[in-house]
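Residue numbers for the sequence shown follow our numbering, so the first one is 24 and each next one is one higher. First comes the structure, then the notes that go with it.
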Amino acid sequence: MHRVTITIDEDLAKEIDAFVADRQYANRSEAMRDLARAGLKQAQPSLTGKTQCVATLAYTYDHHARDLPQRIVQTFHDHHDIAQATLHVHLDHHTCLEVAVLRGKATDVQSAADKIIAERGVRYGTLMMFPKTQ
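Now the structure itself:
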């Protein structure tokens, strides 16, 4: 571990302390490490090419939309080499939430996610990719 000292204004310090308390971190350093990782993840360009990654794809959809559940399942079957698992939640009578865990080349993961998110009837979709670590 390296010790890093930073100077921040009082208002930001109060926000960080409130974040630490709200999220029940053991100390400010743990919270700052998580915030720094999240900020770096957001600031870095998307993974590209043959970079191996793991990812989560979260999306909501209208399960009454014509053939949509079957089209989604078919997309996962078409990409069976990257689809690892899927969690399905019924939010209400019409809306479902699914969270899929994907693993493979970043381009393949992005392609499968784009196809799902672009399906008619999918309302919201977010892909989070992480580089696969050794």
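Beta carbons: idealized from backbone N, C-alpha and C, even for Gly. Note that the coordinates shown come from a computational prediction; the quantities given were computed from them, not determined experimentally.
Item, Value
"DSSP-derived helix/strand/coil call for K128", "strand"
"Sequence ranges, alpha helix (DSSP H) only - wholly within the stretch 73-136, length at least 4", "91-101"
"Short Cβ contact (8 Å threshold) for G148 with I140", "yes"
"For P92, the nearest candidate out of A78, T109, C76, T79 (CA to CA)", "T109"
"Continuous beta strand (DSSP E) stretch holding V145: start and end", "145-154"
"Any 3 or more C-beta pairs closer than 8 Å across the stretch 118-127 and the stretch 70-83", "yes"
"L35: first and last residue of the uninterrupted alpha helix (DSSP H) it sits in", "33-45"
"Close-in-space but distant-in-sequence residues of the same chain around H102 (CB under 6 Å, 5 per side omitted)", "A135"
"Proximity of R89 and E142 at Cβ, strictly below 8 Å", "no"
"Between the CA atoms of R26 and T74 - distance to the nearest angstrom", "31 Å"
"Cβ-Cβ distance between L125 and A54 below 8 Å", "no"
"Nearest-angstrom beta carbon gap, L63 and I129 [assumed within contact, 8 Å]", "Checking the displayed sequence, the identity of residue 129 turns out to be Ala instead of Ile. Contact doesn't hold; Cβ gap of about 17 Å is too wide."
"Backbone CA spacing between F153 and I29 [nearest angstrom]", "27 Å"
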